[in-house]
Ligand code: SF4
Ligand code: SF4
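Residue numbers (the numbering used here): 5 to 116.
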């Protein structure tokens, strides 16, 4: 094999027939506004905990859509519930409440 001096990134494709979307569906029932996130990243840019813990509401929503529960749990642990992300969201999503709902779902349904 020819060494080009770089590696291809591992595939990030997910098989939609195999991933578990139950947690995302549960969130949409509690927080329908999660549908209108446009992934702008304003929440991530202003997150107090982001630089230290990797927390990002945008990434949490993406990970939920991809059925990546471990990543979601890891990011949720870093949130301080300060609410800064909520103040900058251009779609007016109550991201702080969304995070609280996710924590409630995690507690009730024991996703690990
Ligand atoms: S700021 Fe709002 S619209 Fe933008 S990524 Fe975050 S939750 Fe989505
Ligand atoms: S509420 Fe959580 S996600 Fe939002 S800015 Fe604060 S630490 Fe970040």
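The beta carbon of each residue, even a glycine, is placed where N, CA and C say it ideally should be.
It should be emphasised that the depicted structure is a prediction, and the values quoted were computed from it without experimental measurement.
8 angstroms Cβ cutoff met for residue i and residue j
i: residue 102; j: residue 38; result: yes
i: residue 92; j: residue 50; result: yes
i: residue 109; j: residue 70; result: no
i: residue 95; j: residue 68; result: no
i: residue 100; j: residue 85; result: yes
Supposed close pair residue i, residue j - CB separation, criterion 8 angstroms
i: residue 59; j: residue 83; result: 5 angstroms
i: residue 80; j: residue 107; result: 6 angstroms
Chain-order list of residues whose beta-carbon lies under 7 angstroms from that of residue i (same chain, five-residue window excluded)
i: residue 65; result: 38, 41
i: residue 25; result: 71
i: residue 45; result: 62
i: residue 88; result: 50, 51, 52
Close Cβ partners of residue i (< 8 angstroms) along its chain, the five nearest in sequence each way excluded
i: residue 31; result: 38, 68, 102, 105, 106, 109
Neighbourhood of residue i by C-beta, 6 angstroms cutoff - its chain only, sequence neighbours within 5 removed
i: residue 98; result: 90
i: residue 78; result: none
i: residue 57; result: 82
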